[in-house]
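The sequence shown runs 1 to 718 under full-length UniProt numbering.
Idealized CB from N, CA, C, for every residue including glycine.
Since we're looking at a predicted model, the values are computed, not measured.
Reading through the structure tokens given below for one structure.
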Amino acid sequence: MRTAYRTCPLCEAACGLELTIDADRVVAARGDREHVFSHGFVCPKGATFGQLTDDPDRLRRPLVKGVEVSWAEAFAAVRAGLRPIIERYGAQAVALYLGNPNAHTMSGGLYVTPLIRSLGSRNVYSASTVDQMPKHVSCGYLFGNPLTIPVPDLDRTDFLLMLGANPWESNGSLATAADFPGRLKAIQARGGRFVVVDPRRTRTAEHADEHLWIRPGTDAYLLFGIVHTLFAEDLATIPEYVSRVEPVRELAAGFPPERVADVCGIPAERIRGLARELAAAPTAAVYGRIGTCTVEFGTVTSWLIDVVNILTGNLDRPGGVMFPLAPHLSGAAKPGKGFRTGRWHSRVRGLPEVKGELPVATLADEIETPGDEQVRALITIAGNPVLSTPNSGRLDRALSGLDFMVSVDPYLNETTRHADVVLPPTDSVRKGHYDFSFLALSVRNFAAYSPPVLPPDPAVPDECDILARLMLIVLGQDDSDPAVVHDELMRQALRRVPEDRHGLVTGDHPAERLLDVALRAGAYGDGFGENPDGLTLDRLKAAPHGIDLGPLRPRIPAALRTASGTVELCVPELAAEAERLRDALDRERGGMVLVGRRHLRSNNSWMHNVPALVKGRDRCTLQIHPADAERLAVADGDAVQVTSRAGGLVARAEVTDRVMPGVVSLPHGWGHDLPGTRMAVAAERPGVNSNLLTDELVIDPLSGNSVLNGIPVELKPA
């Protein structure tokens, strides 16, 4: 037996794992106690890393029409399916969907964008528009770059206000923080406080100094009440690098705490108290996550979170919210052009492009609606939109009508069962790992690289090779040698490097060599020999527990990419949406609404085939408050019919005061009862698909993000 170290690829926390290897198998996994970021912390998902790798249902050979074939036959089938469609109907007839796990792979960080460019289709969709796109848009407008996202400086803050986030069970998101719960406890241990705003009494809320119940989807009203108070009581501290402040002051005048209190359910005096506490704290941070993004006013809510951070003087300072600097990025100041959306629009509903993609809520429209540029073929990479997107029953039916579909995925799941060809990538233990996405969101700067733990399987291509061959197929070129793509990507990466320094690049794999170039050119890199103590791939390989790069540091103005070079506090698009929010103040609010939830042992839909993670009591229940249960004559364990405009389902009631009256809660990612899948463990505990209830016609207009929380529903005993 031997020991190996690697970063866990199963969520955003980027924890270090210590793996025990025996006969080319991972037989045990635990937290790496010497890891510079996670210090031995591990959650139940990370502890089952070996079981996930050895899952007998994982595909080891490609499938064509459900039959195992050779890789040569599989790529020939892809070529035969895609090329005629592109040649007859054009690139717009092919859509691409990217799932959440792409952010957890080096191939996703290095090869997906070139694939999109090679395809040349505007029909690009991803899990981002059922998740975090509002935060990208709000940060794009504020800072000029949708990827410039400030994170709470958890390790130094004195006061944390958290909305729509449950890191005790989700490990955090858009804020990479190994042992997020431990960091929250540390705030309290040093005399600080954290307050949770949530329509559920989550595990995070249970540990908070205060839990404020809020009506789903009304966080923007609470935040505007706080902004109003900051201005009205002269509590705002405006940094000199902030412009366009007066429009925010004028907008906030329409949201006094007394006006918004009845809407959000939080007393006016408590709203004023939050504003005063945020302004008076030595340091403070406001952090919001999935519950603030997946609502009707998701972009305005995301924007207001940072407006409060800015107005209290807590942007870009220790203990506030700060901009991480990932080792593969330069961090140098560059002139900015600002951010915009709508460079193109969807064919059927006219929805604007955001960050290079269209809202996944309209994918079924594009498949089902005849006409020029109708989507006739689909490529999915590590995604399961049949479970994760709104009105997923409609999308499920739409996929069956495609002319051709190819999926890069290790499972035959609810989505890939529709694919003509399934291309399963190699196990994660047989490829390197570096977090291109999450190191740019880390609450402390650090670097870590995990070489392959086991040798490559010569019978299974690496995912980079699979994506490279797909690129060549969509380009109409000979796809037999992916090295053509690897070499071209390396040539592009080295364009700004003197030719006599090219020989310094190291790595045993194309992805490693591209990473080495990025590290050498990055903020902490060796500059291709200019700084002997700088980061390189070899230096990271020699540090299996990672390299600590220190606490977050102020990065304004270098981090800004706005045209003005300032933080632009209010742009016309946000002002118009704030006006729509104000118009909705008088909206009739009543009836039951649905919200989602997560569990520490579950990560969307792709962790439900691991026995250790699904054992125990049924977690796919409909949580309902006792008062609502009594009114509806529903008892604990009863079957309940839940319907919305989009569809209906039957779920088992869990009567609990963990949800507020008027709210019911279902976890997402379940519904493993569809025919044609090969996920035996998941099928034994199928649960119900909450996205049969979500409405594809209701989206946050600025970001195109689906509304997955606060969905009007009707309930009755089944």
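Next on the checklist: For a test of the three-state rule: what should DSSP assign to residue 312, helix, strand or coil?
Outcome noted: Look at residue 312 here: in three-state DSSP terms it is strand.
Checklist entry - With a Cβ-Cβ cutoff of 8 Å, do residue 648 and residue 640 count as a contact? => result no
Checklist entry - In whole angstroms, what separates the C-alpha of residue 444 from that of residue 436? => result 15 Å
Item to check | Beta-carbon gap between residue 713 and residue 665 smaller than 8 Å | outcome: For residue 713 and residue 665, no; Cβs fall outside 8 Å.
Next on the checklist: Less than 6 Å between C-beta atoms, sequence neighbours within five positions excluded: which residues of the same chain meet that for residue 301?
Outcome noted: 219, 220, 292
Checklist entry - Any idea which residues DSSP pairs residue 699 with across the strands? => result 706
Checklist entry - Would you say the beta carbon of residue 456 comes nearer than 7 Å to a heavy atom of the ligand NAP? => result Within the structure as shown, the ligand NAP is missing, as the structure has no ligands at all.
Item to check | Top-ranked residue by Cα proximity to residue 337, from 412, 576, 140, 581 | outcome: 140
Checklist entry - Okay, do the region 596-608 and the region 163-171 touch, 3+ Cβ pairs below 8 Å being the bar? => result Between the region 596-608 and the region 163-171 there are three or more inter-stretch CB-CB distances shorter than 8 Å, so the stretches are counted as touching.
Checklist entry - Just reading off the beta strand (DSSP E) that residue 594 is part of, what are its end residues? => result 592-595
Item to check | Residue environment, residue 238, which counts as buried when at least 16 other CB atoms sit within 10 Å | outcome: exposed
Next on the checklist: Quick check for students: name the residue ranges of the beta strand (DSSP E) that lie wholly in the region 477-565, counting only runs of 3 or more.
Outcome noted: none
Checklist entry - How many angstroms separate the CA atom of residue 570 from the CA atom of residue 252? => result 12 Å
Checklist entry - Looking only at C-alpha atoms, which of 705, 715, 716 sits nearest to residue 298? => result 705
Checklist entry - Between 660, 662, 687, 661, which lies nearest to residue 673 when the distance is taken from Cα to Cα? => result 687
Item to check | Nearest-angstrom beta carbon gap, residue 364 and residue 395 [assumed within contact, 8 Å] | outcome: 5 Å
Next on the checklist: Taking the beta carbon of residue 729 as the centre, do at least 16 other beta carbons fall within 10 Å, making it buried, or is it exposed?
Outcome noted: Residue 729 cannot be examined here, being either before or after the span of the chain that is shown, 1 to 718.
Checklist entry - Helix, strand or coil: which one does DSSP assign to residue 56? => result coil
Next on the checklist: I need the straight-line Cα distance from residue 333 to residue 178, nearest angstrom please.
Outcome noted: For residue 333 and residue 178, the distance between alpha carbons rounds to 29 Å.
Checklist entry - By how many angstroms is the C-alpha of residue 529 removed from the C-alpha of residue 580? => result 55 Å
Item to check | First and last residue of the uninterrupted beta strand (DSSP E) at residue 654 | outcome: 648-655
Next on the checklist: Looking at the secondary structure, which residues open and close the beta strand (DSSP E) in which residue 31 lies?
Outcome noted: Where residue 31 is concerned, the enclosing beta strand (DSSP E) stretches over 26-31.
Item to check | residue 716 - containing beta strand (DSSP E), residue span | outcome: 711-717
Checklist entry - So, helix, strand or coil for residue 152, using DSSP? => result strand
Checklist entry - Around the Cβ of residue 471, are there at least 16 other Cβ atoms within 10 angstroms (buried) or fewer (exposed)? => result buried
Checklist entry - What separation, rounded to the nearest whole angstrom, lies between the Cα atoms of residue 696 and residue 604? => result Taking the straight line joining both Cα atoms gives about 19 Å.
Checklist entry - Out of 274, 231, 123, 416, which has the shortest C-alpha to C-alpha gap to residue 66? => result 416
Checklist entry - Could you give the distance in angstroms between the alpha-carbon of residue 45 and the alpha-carbon of residue 449? => result Just so you know, the alpha carbons of residue 45 and residue 449 end up roughly 20 Å apart.
Checklist entry - Should residue 484 and residue 78 be called a contact, given that it needs their Cβ atoms to be closer than 8 Å? => result no
Item to check | Cα-Cα separation between residue 121 and residue 92, rounded to whole angstroms | outcome: Each residue's Cα considered, the two are about 5 Å apart.
Checklist entry - Per DSSP, residue 5 is paired with what? => result 18, per the DSSP bridge assignment.
Checklist entry - Does the region 419-435 come close enough to the region 456-472 that 3 or more CB-CB pairs lie under 8 Å? => result Contact between the region 456-472 and the region 419-435 is present: three or more C-beta pairs spanning the two stretches fall below 8 Å.
Checklist entry - Under the DSSP definition of a beta bridge, which residues are partnered with residue 287? => result 162
Item to check | Inter-residue Cα distance where the pair is residue 661 and residue 628 | outcome: 6 Å
Checklist entry - Is it right to say residue 240 is buried, meaning 16 or more other beta carbons lie within 10 angstroms of its own, or is it exposed? => result exposed
Checklist entry - Which of the three DSSP states, helix, strand or coil, is assigned to residue 611? => result helix
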